[in-house]
Structure formats: C-alpha cells, structure tokens
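To start, the structure itself, in structure tokens.
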Amino acid sequence: MVKYESPALDRTFAALSDPTRRALLARLEQGNLSVSELARPFAMSLPAVMKHLDVLSDAGLVTRSKTGRTVTCALNAEPMEDAVGWLSRYERFWTGALDRLAALVEEDEPCPPSPASPSGAD
17 MVKYESPALD RTFAALSDPT RRALLARLEQ GNLSVSELAR PFAMSLPAVM
67 KHLDVLSDAG LVTRSKTGRT VTCALNAEPM EDAVGWLSRY ERFWTGALDR
117 LAALVEEDEP CPPSPASPSG AD
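Each residue of the sequence shown is one higher than the one before, counting from 17 in our numbering.
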C-alpha cells in the first residue's frame, strides 16, 4: 500500500521548498563549513541563517557539531533518497506521457517549409 502520510518526507520537501535553504545545501556539497563561513555570502543576519539551518537540521539534511565555539555544518543527503523515490513514481508518468507525445508528433506528416518573407530590396 502506498503511504500518503510521511512526516519525514514532509519535512524534507518543506526544507527543500526554500531557495535559501537549497543554496545552503549546495554550499555544503563542497564540504563541511562553519556557520559563519556558510552564512558569509547571504545578505541576511546570522540569526536568520541559523533559523534556516534549524529547518534543515529538523529534516535531517544538515548535521551540526561543535568544537569549542565553532559550530560546523555537514550535508546529510540521506533524507533526500525518500524524496527521490517518491518523485520517481511520477517520473514514470511523465516519461510515458512524453513518449506518447513524441510518437504522436512522429505520426504527423512533416510541415512544408514556410516561404521566405518578401524583402523590400529589389
């Protein structure tokens, strides 16, 4: 039976719905960064970045570790596997629909080339 209710999947999609959070995850693809390094390119306050990191942490997409006064963030892409699995069911639908469209277009006779528009030059 297909599960229509998955709190973990809901948290993953909610976390990924925001462009700032997606940008934070993209920065973490390069490797672990401190919160201040992670926040540097964003035109927002450090507390605002921390709120985004809280959402990502709650979804399990970011892990944080503290060494002294430095908090380091790391990407955890594992929760995205469920999201990819959920989306792949619909990929089959779109692939089938696009295949049918391509077959329909190939059945049509080719359109004759349109005549060149007359120019004003003699």
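Note that CB positions come from ideal geometry on N, CA and C, so glycine has one too. These numbers come from a predicted model, not from an experiment.
Excluding the 5 residues preceding and the 5 following PHE29 in the sequence, name in chain order all residues of the same chain whose CB lies nearer than 7 Å to its CB. ALA99
For the beta strand (DSSP E) that ALA90 lies in, which residues bound it at each end? 86-91
If I'm right that LEU69 touches CYS89 with Cβ under 8 Å, what's the distance once you round it to whole angstroms? 6 Å
I'd like the span of the alpha helix (DSSP H) that includes SER52, first residue to last. 51-55
Tell me which same chain residues have a C-beta within less than 6 Å of the C-beta of VAL87, skipping the five on either side of it? VAL51, ARG80
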